[in-house]
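To keep things clear, I will list the structure first and then write my remarks on it.
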């Protein structure tokens with residue numbers, strides 16, 4: 001969390017506070033709740049969602065994994081392994097995700113280079129026609 005002192009004595013957080021700290025929209029948090037990734041409690045008096053410090057940590061994990069791999073199925077698998085305290089498997093999954101992203105970036109850079117090459121060829125052809 002960005003400002004630990006601000007939250008030191010809090011036992012629960014509103015969706016707005018959690019969204020701000022996790023740097024995600026409240027609608028993303030609601031979506032993750034619908035997907036079963038997070039299960040906040042409800043305030044007894046007003047029915048609003050309330051998030052514990054453990055919920056907030058879970059949201060940080062969801063946000064981080066989803067930004068890296070985009071797949072909610074993988075997010076579910078990572079959360080399941082974390083819930084089982086299977087740190088070794090969680091680390092393996094993180095490394096696999098990094099490899100996937102690395103390979104995707106290499107393909108994208110090659111694609112950019114190919115497009116640049118195509119533009120260069122087209123420009124030379126265009127110059128000859130003028």
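Numbering (the UniProt record's numbering), first residue to last: 1 to 130. Glycine is no exception: its CB is placed at the ideal position from the N, C-alpha and C atoms.
Here residue 55 is buried, its C-beta having at least 16 other C-beta atoms within 10 Å. In this structure, the straight-line span from the alpha carbon of residue 100 to that of residue 60 is close to 21 angstroms. When rounded, the separation of the alpha-carbon atoms in residue 64 and residue 74 is 12 angstroms. Residue pairing by DSSP puts residue 50 in a beta bridge opposite 41.
Inter-segment contact for the segment 34-50 and the segment 9-26 is present: three or more beta-carbon pairs are separated by less than 8 angstroms. The continuous alpha helix (DSSP H) containing residue 16 extends over residues 15-22.
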